[in-house]
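As structure tokens, the structure follows; a few thoughts come after it.
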Ligand code: SF4
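Numbering (our numbering), first residue to last: 16 to 259.
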């Protein structure tokens with residue numbers, strides 16, 4: 016994928032106060048809409064960004080990946096978001112011609128067998144659909160935060176996403192804490208995934224996500240059988256080779 020960017024656009028975005036998510040989102044929409052979209056997994060961060068983004072521009076675009084293995088609570092949250100904003104969520108599914116052979120030949124839980132097997136599943140269910148979602152975009156918006164994981168400690172508000180053809184990746188909440196995120200959710204009474212009330216901190220696919228103990232690392236409930244440095248699904252690579 017190769018996307019032509021206006022040469023002044025990244026600098027114009029970088030010139031905005033990076034600590035002000037609304038200013039960042041507003042400028043991103045001015046520069047790129049409709050070739051910019053929020054990638055939502057209906058995490059707390061994505062709910063905050065959806066609220067901020069649609070307040071700036073009600074027709075801003077939001078896409079989501081339905082891996083086929085999400086928790087019922089995540090679907091309930093997505094539906095609550097759809098209803099609250101009258102939002103047309105752009106859903107992407109894995110290709111049947113990739114999922115069907117995976118499940119027929121390796122079963123329903125092949126991802127437990129090795130990091131490579133897990134990355135194969137993540138590629139089919141997440142990475143490839145993400146590539147389709149990003150096709151034609153000049154920029155995408157994520158809810159990534161620096162404190163979420165060791166793999167995200169170098170995160171910037173505005174980045175060039177080399178893994179996706181050099182498009183712009185915008186992380187308006189990069190320096191927010193989890194407490195700030197929760198404060199916004201509560202203050203604005205946003206609908207949220209009820210798994211957070213059961214000790215979940217980071218929510219992905221149902222079989223690969225579990226609750227964490229108080230004080231545990233925020234990503235400890237994802238792929239808990241792997242080392243922390245492997246805990247990305249290939250959607251976010253931060254200058255490293257895609258983990259697929
Ligand atoms: S998180 Fe688990 S079920 Fe979901 S795509 Fe990755 S390996 Fe597969």
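Note that CB positions come from ideal geometry on N, CA and C, so glycine has one too.
* **Close Cβ partners of residue 44 (< 7 Å) along its chain, the five nearest in sequence each way excluded** => 51, 71, 72 and 75
* Asked: Which residues in the same chain have their Cβ closer than 7 Å to the Cβ of residue 31, if we skip the five residues on either side of it in sequence?
  -> Cβ within range, chain order: 38, 39 and 42.
* **Ranges of the beta strand (DSSP E) found wholly within the stretch 20–64, counting only runs of at least 3** => Taken in chain order, the whole beta strand (DSSP E) runs of length 3 or more contained in the stretch 20–64 are 51–54.
* Regarding residue 89 and the ligand SF4, is the C-beta to nearest heavy atom distance less than 7 Å? -> no
* **Classification of residue 90 by the beta-carbon crowding that lies within 10 angstroms, buried from 16 upward** => An exposed status is given to residue 90, since fewer than 16 other beta-carbon atoms sit within 10 Å of its beta-carbon.
* Residue of 217, 200, 213 and 129 minimising C-alpha distance to residue 67 -> 200
* Within the present structure, is the beta-carbon of residue 136 separated from the nearest heavy atom of the ligand SF4 by less than 7 Å? -> yes
* Contact under 8 Å by Cβ, residue 260 with residue 207 -> Coverage of the chain is limited to positions 16 through 259, which leaves residue 260 absent and any answer about it impossible.
* Within 10 angstroms of the Cβ of residue 191, are there 16 or more other Cβ atoms? Answer buried if so, exposed if not. => buried
* Among residues of its own chain, excluding the 5 on either side of residue 93, which ones have a beta-carbon nearer than 6 Å to its beta-carbon? -> 57
* Asked: Does the Cβ-Cβ distance between residue 173 and residue 29 come in under 8 Å?
  -> yes
* To do: Tell me whether residue 36 counts as near the ligand SF4, meaning its Cβ is closer than 7 Å to at least one heavy atom of that ligand.
  => no
* Out of 119, 175 and 83, point me to the one whose CA is closest to residue 251's CA. => 175
* To do: Determine the DSSP secondary structure at residue 174, reduced to helix, strand or coil.
  => strand
* Count the C-beta pairs between the stretch 131–150 and the stretch 103–116 that are closer than 8 Å, then say yes if the count reaches three, no if not. => Short answer: they touch.
* **Buried or exposed (CB count within 10 angstroms, at least 16 for buried), residue 240** => exposed
* Would you give the residue range spanned by the alpha helix (DSSP H) that residue 154 belongs to? => It is not in any alpha helix (DSSP H) - residue 154 instead sits in the beta strand (DSSP E) that spans 154–156.
* When we look at the beta-carbon of residue 165 and count the other beta-carbons within 10 Å, is it buried (16 or more) or exposed? -> exposed
* Asked: Going straight from the alpha carbon of residue 170 to that of residue 194, what length do you get?
  -> Here the alpha carbons of residue 194 and residue 170 stand approximately 19 Å from one another.
* **Nearest-angstrom Cα separation, counted from residue 227 out to residue 210** => Taking the straight line from one Cα to the other gives about 11 Å.
* Asked: Rounded C-beta distance between residue 100 and residue 148? I'm assuming under 8 Å.
  -> 19 Å between Cβ atoms; not a contact.
* Asked: Tell me, which residues are paired with residue 192 by DSSP?
  -> According to DSSP, which records beta bridges pairwise, residue 192 is partnered with nothing at all.
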